[in-house]
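Colleague: Counting from 1, position 37 in the sequence shown corresponds to residue 52 in the numbering used here; the numbering is continuous, with no gaps.
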Amino acid sequence: MNIDWTLVVKIAGPVATLVLGALINRYFERQPRLITYYGHTSAFRLRTLEQPEVYTHSIVIRNTGRKSANNVAVGHNVFPRDYQIFPAITHEIRKVPDTGDEIFIPSLVPGEQITISYLYWPPLTYDHINTYVKSDGFAKVLRVIPTPQPSRSMQIGTWAFVMVGVITTIYFLILLAHHFYVSIP
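#1: Give every residue of the same chain whose Cβ lies closer than 7 Å to the Cβ of residue 147, excluding the five residues on either side of it in the sequence, and list them in chain order.
#2: May I have the straight-line CA-CA distance separating residue 107 from residue 39, to the nearest angstrom?
#3: How many whole angstroms separate the CB atoms of residue 57 and residue 79, which I take to be in contact at a CB cut-off of 8 Å?
#4: Quick test of your reading: residue 49 and residue 155, contact by CB under 8 Å. State the CB separation rounded to the nearest angstrom.
#5: Taking 6 Å as the limit between beta carbons, can you name the residues of its chain near residue 1, skipping five residues before and five after?
#6: Please determine if the stretch 98-116 and the stretch 18-38 are in contact, where contact requires at least 3 C-beta pairs separated by less than 8 Å.
#7: For residue 54, which residues of its own chain have a beta-carbon under 7 Å away from its beta-carbon, when the five flanking residues on both sides are left out?
#8: If you measure between the beta carbons of residue 59 and residue 65, is that distance less than 8 Å?
#9: What residue range does the beta strand (DSSP E) around residue 51 cover?
#10: What's the call for residue 21, buried or exposed, on a 16-neighbour Cβ count within 10 Å?
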């Protein structure tokens, strides 16, 4: 069976150009990208009679983009009196009409990460405190526990196998299209 390489180039060229263009655009695109997740949620039993339990949780906010995230706001239904931002960063507490308070942070530079920890007492629980994290758009909320990332060589190997699979699939689709194209009278 002979392969019509002209047909392969005509079909694969635009597809490869589209994929390459999307990858280049994503690489050079300069925009902030906020991600957030709950760091930990805990309850402590204290050895005092006045306040037998205390709750705590933290949220982690990170700018994974290539541009500073300006006007970062963390909304709250109920704003606990005791909170801490680590590392310390310039911020202010703003009243938001009809919803609660928000922590306003002027800017997070690319790669910067902060942790906001809260301390509060029952009956208040963590799901009644935070409402949103946003900058010029809403932050992407990760609902997973952070895990160690595979090594760079493992990532390269995985992507190499993915590309071999994509190229093989495209090749067989071209063969299938050519087969139907040639067999039509």
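Just so it is clear, CB atoms sit at the ideal spot from N, CA and C, and this is done for glycine as well. Just so it is clear, the structure is predicted and the values come from calculations on it, not from any experiment.
Modeller: Straight from the coordinates:
#1: Mapped onto the sequence shown, residue 147 falls at position 132. The residues are 90 and 153.
#2: Numbered from its first residue, the sequence shown carries residue 107 at position 92. Numbered from its first residue, the sequence shown carries residue 39 at position 24. Cα to Cα, residue 107 sits roughly 38 Å from residue 39.
#3: Residue numbering aside, residue 57 sits at position 42 when the sequence shown is read from its first letter. Residue numbering aside, residue 79 sits at position 64 when the sequence shown is read from its first letter. Their Cβ separation, rounded to whole angstroms, is 26 Å, which puts residue 57 and residue 79 out of contact at 8 Å.
#4: Within the sequence shown, the letter at position 34 stands for residue 49. Within the sequence shown, the letter at position 140 stands for residue 155. Cβ-Cβ separation between residue 49 and residue 155: approximately 7 Å, consistent with a contact (criterion under 8 Å).
#5: Nothing in the structure corresponds to residue 1, since the chain is present only between 16 and 200.
#6: Proximity of the stretch 98-116 to the stretch 18-38 falls short of the contact definition, fewer than three beta-carbon pairs being nearer than 8 Å.
#7: Sequence index remark: in the sequence shown, residue 54 carries index 39 (1-based). Once the five neighbours on either side are set aside, the close Cβ partners of residue 54 are 73, 74, 75 and 130.
#8: Counting from one through the sequence shown, the residue named residue 59 turns up at place 44. Counting from one through the sequence shown, the residue named residue 65 turns up at place 50. Against a cut-off of 8 Å, the Cβ pair of residue 65 and residue 59 comes out as no contact.
#9: Against the sequence shown, residue 51 aligns to sequence position 36. Residue 51 -> beta strand (DSSP E) spans 49-60.
#10: Here residue 21 refers to the residue found at position 6 of the sequence shown. Burial call: exposed.
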